[in-house]
Every structure is written in C-alpha cells, then in structure tokens.
Amino acid sequence: MMKVVVEGECSREVTVDSGVPQGTVLGPLLFLCHINDLPDSVQSKVRLFADGCLLYREIRSHDDHIALKQDLASLELWAKNWGMRFNAAKCYVLSVRQKSNYFYQLNNTILKGVQTNPYLGVMLSADLKWTTHINNMCKKASATLGFIRRNLRHCPTSTRKTAYISLVRSTLEYGAIIWDPFIQSDIIKMEKIQRKAARFITGDYKTRSPGSVTNMLKNLDLQLHQDRRRELRLTFLFKVVEGLVPAIPPDTYLVPVLNKRRIRAKRFTDFEARNVVHSSNHTRCFNIPTCNSVTRKNSFFIRTVTEWNELDNHQVLSRTVEGFRSSLKRDSVSLCALSFR
Numbered sequence: 086m087m088k089v090v091v092e093g094e095c096s097r098e099v100t101v102d103s104g105v106p107q108g109t110v111l112g113p114l115l116f117l118c119h120i121n122d123l124p125d126s127v128q129s130k131v132r133l134f135a136d137g138c139l140l141y142r143e144i145r146s147h148d149d150h151i152a153l154k155q156d157l158a159s160l161e162l163w164a165k166n167w168g169m170r171f172n173a174a175k176c177y178v179l180s181v182r183q184k185s186n187y188f189y190q191l192n193n194t195i196l197k198g199v200q201t202n203p204y205l206g207v208m209l210s211a212d213l214k215w216t217t218h219i220n221n222m223c224k225k226a227s228a229t230l231g232f233i234r235r236n237l238r239h240c241p242t243s244t245r246k247t248a249y250i251s252l253v254r255s256t257l258e259y260g261a262i263i264w265d266p267f268i269q270s271d272i273i274k275m276e277k278i279q280r281k282a283a284r285f286i287t288g289d290y291k292t293r294s295p296g297s298v299t300n301m302l303k304n305l306d307l308q309l310h311q312d313r314r315r316e317l318r319l320t321f322l323f324k325v326v327e328g329l330v331p332a333i334p335p336d337t338y339l340v341p342v343l344n345k346r347r348i349r350a351k352r353f354t355d356f357e358a359r360n361v362v363h364s365s366n367h368t369r370c371f372n373i374p375t376c377n378s379v380t381r382k383n384s385f386f387i388r389t390v391t392e393w394n395e396l397d398n399h400q401v402l403s404r405t406v407e408g409f410r411s412s413l414k415r416d417s418v419s420l421c422a423l424s425f426r
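Under this note's numbering, residues 86 to 426 are what the sequence shown spells out, in order.
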C-alpha cells in the first residue's frame, strides 16, 4: 500500500500491484530489489547499474548465438512474471571486433545493430577504439570551458583554476584508465583543451613565443593529461596487486615472472630448460601476454603492466596507495613529446 503526503495532507492508500512507484525516497532502493534476481534467469553474463542492463556473451559458435537468443526469451518471461516490459526500441546489439550475421529480437522486435553505444558514460565501439568517445568527451569539455570563460573572466586565478579542475579536467578523466588513448591525434586533441585553459587561467592570450603555454602549465602546477592518465592507471594496478579491488582478483589477471622458464627453441622441436634471469628493476614484475593487435597491446592490463615492470623497486613496494602515487609524482618524467602546430 502506498500513499502521498503533501503539506501535511495524506492521500488515500492505493495498492501497488506491480513495478516500483516513481518519485519516492525508497524508489531507487525498491527498484534495485525488484530487478535483483534478473541475472539468475539467464546463462550469459549480466551487468546491472541503476535502470541499465547489459547482457553479453562471447560468440564462438552457432550454439552461443542460440544461447543468447534463449536468454533474451528468458528476459521476456522474467519481465512478464514481474509485471514489467522491456522497451525494445531502446535496446541495441553491439558486436565487438567482427560483423555479426545474427539477428536478435525482444518482444517480437528485431534489435537494431549499432557500431557505437554509450555504457555508464563511456562510448563503446565495435572496433574497440576510443576515438568516438574522445571526440564526444572533448566536445563536452570544450563547451564547459567556454561556459566558465564567459562567466569567470573577472575572477581571480585561483578561482579559474579550481573551476577548470572541477568542471573540465574531471570530464576529461572520467573512466580514463580504460580508454587512455595511444593514437597521437587523440592525445593532442585532449592536451589542446588544457592549453586553452592555461591561457584562460593566467589571462595571457598575447604571448606566442615557443614554450610559452608549457611554462604556464608548469607555473600553474598542471600536469599533462597523458602523464596524469598514466599515474591513474598505475595507481589502479597497484590497488589490484595489493588486493584492494575485490572485483578484480590479482591471481586472475596477473602472472608473476619466474626466474626459471621453459623457452621454445626456434630451431628445435623440443623444449629446453634454461635458467633465464628476467631483466627488471624490481621483484614484482608480471608476465606480459602476447598481443596480435595494436588495440590489445594498448589495453589497460597489458599496457599498464608493461609500464609497471619498468618502475623502481621502492615504488612497487610502497605500503600505501598515497605513498605509491607520491613516488610516481616524485620520480615522474613527462613521456609526451607532442607537436601542437
């Protein structure tokens, strides 16, 4: 039974037969409880967040295609049992890495196939590249920068800098450990926004000598975006290694390097046991999987583990997250050599 109170006056009680009442304090919690058993009705993997649902499965054979279709049918049955109905017009199919010849339907409606689709604020692409997401994000950040330039032009430098960090840079760093770009044009595109912000913060639009904006960034203590994203990735990996991310067990994704390994001899058909000393700066190195594509080589774990293995021993043996990040800042050297002309 539900009732509404407005200015002390109560409405009559009404029975809620299905769904969750909107606009109530407990509405979000009740909705989560309402859909909590949805993953139990399917065989494929499901990710739930608020009112969003992501159903995904690796398609290796025709059987996987059939299983995914059956899961969609199971979702229809689940919704019917709980007095709900999926909006098929807002549901899409995104096939990653290769074009799919399969069709999927929900509520007798064939789901539309797309090349890109947003998920939790990040634009996913079928080719696993991030240019579309970066373009959208830079457009949004540029609009925000234009807004604060128009409204804070008479404010002190400290206020302008705070506004930039809070409203613009935070937008450019949302989910950055996942989509950190490796394509030069994408990197430059993001750095240009901060360089425009540096002129706005300092109020210096006239100086055009080489290195002038770089000096502004240094005086404002603003790191290059590329360097900040590297720190964010390495810091997150440190948390994974230390077991501070329950959803990502380190043993599942990270394989420590061993001193003795079996190496396949190129000109022989058998294996020879050889004592190989891994060349590294510290004792917490991890194996780097073989990559057959540039996209995979620059994915989070492979790219970040490669950089992790190059750190010094005192950095990876830090006792706290704050200590690790401080060591990165203290020993950091800019890795960007960018041309903005």
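Beta carbons: idealized from backbone N, C-alpha and C, even for Gly. Keep in mind the model is a prediction, meaning the values are calculated, not measured.
Identity of the residues DSSP links to residue i by a beta bridge
{"i": "Gly137", "result": "Phe134"}
{"i": "Gln190", "result": "Ile195"}
{"i": "Phe371", "result": "Pro341"}
{"i": "Leu202", "result": "Residue identity check: residue 202 is Asn in the sequence provided, not Leu. DSSP, once it has assigned bridges, lists Leu209 as partnering Asn202."}
{"i": "Tyr177", "result": "Lys197"}
{"i": "Glu94", "result": "Val91"}
{"i": "Val99", "result": "Met87"}
Straight-line Cα distance separating residue j from residue i
{"i": "His150", "j": "Gln190", "result": "12 Å"}
{"i": "Ser412", "j": "Val379", "result": "30 Å"}
{"i": "Arg284", "j": "Ile268", "result": "25 Å"}
{"i": "Leu317", "j": "Gly93", "result": "50 Å"}
{"i": "Leu153", "j": "Arg142", "result": "7 Å"}
{"i": "Gly168", "j": "Cys138", "result": "17 Å"}
{"i": "Asn304", "j": "Val127", "result": "56 Å"}
{"i": "Ile278", "j": "Ala332", "result": "34 Å"}
{"i": "Leu213", "j": "Ser185", "result": "15 Å"}
{"i": "Trp215", "j": "Glu98", "result": "51 Å"}
{"i": "Glu407", "j": "Phe321", "result": "12 Å"}
{"i": "Arg369", "j": "Asn383", "result": "21 Å"}
{"i": "Pro295", "j": "Met301", "result": "12 Å"}
{"i": "Leu111", "j": "Val101", "result": "14 Å"}
{"i": "Ser129", "j": "Leu157", "result": "10 Å"}
{"i": "Leu402", "j": "Asp312", "result": "21 Å"}
Close beta carbons around residue i, own chain, < 7 Å, minus the five adjacent residues each side
{"i": "Ser96", "result": "Lys88 and Val89"}
{"i": "Pro335", "result": "Val325, Val326 and Gly328"}
{"i": "Ala173", "result": "Leu191, Asn192, Thr194 and Leu196"}
{"i": "Phe386", "result": "Tyr338"}
{"i": "Pro374", "result": "Ile387"}
{"i": "Ile286", "result": "Thr242, Arg245, Lys246, Tyr249 and Leu305"}
{"i": "Ser210", "result": "Gln200, Thr201 and Thr217"}
{"i": "Ala261", "result": "Arg314 and Leu317"}
{"i": "Tyr259", "result": "Gly206"}
Buried or exposed (CB count within 10 angstroms, at least 16 for buried), residue i
{"i": "Tyr249", "result": "buried"}
{"i": "Met86", "result": "exposed"}
{"i": "Asp125", "result": "exposed"}
{"i": "Val199", "result": "exposed"}
{"i": "Gln400", "result": "buried"}
{"i": "Ala226", "result": "buried"}
{"i": "Ala282", "result": "buried"}
{"i": "Asp271", "result": "buried"}
{"i": "Pro266", "result": "buried"}
Neighbourhood of residue i by C-beta, 8 Å cutoff - its chain only, sequence neighbours within 5 removed
{"i": "Phe371", "result": "Leu339, Val340, Pro341, Val342, Val390, Trp393 and Asn394"}
Contacts around residue i, its chain only, beta-carbon distance under 6 Å, and the 5 residues preceding and following it disregarded
{"i": "Phe323", "result": "Phe409"}
{"i": "Ala135", "result": "none"}
{"i": "Arg132", "result": "Leu139"}
Residue-chain proximity (residue i, chain C), Cβ-Cβ < 9 Å
{"i": "Asn304", "result": "Given the protein chain composition of this structure (a single chain), no chain C is represented."}
Worksheet item: Between the region 168-182 and the region 220-236, do three or more beta carbon pairs fall short of 8 Å?
Response: no
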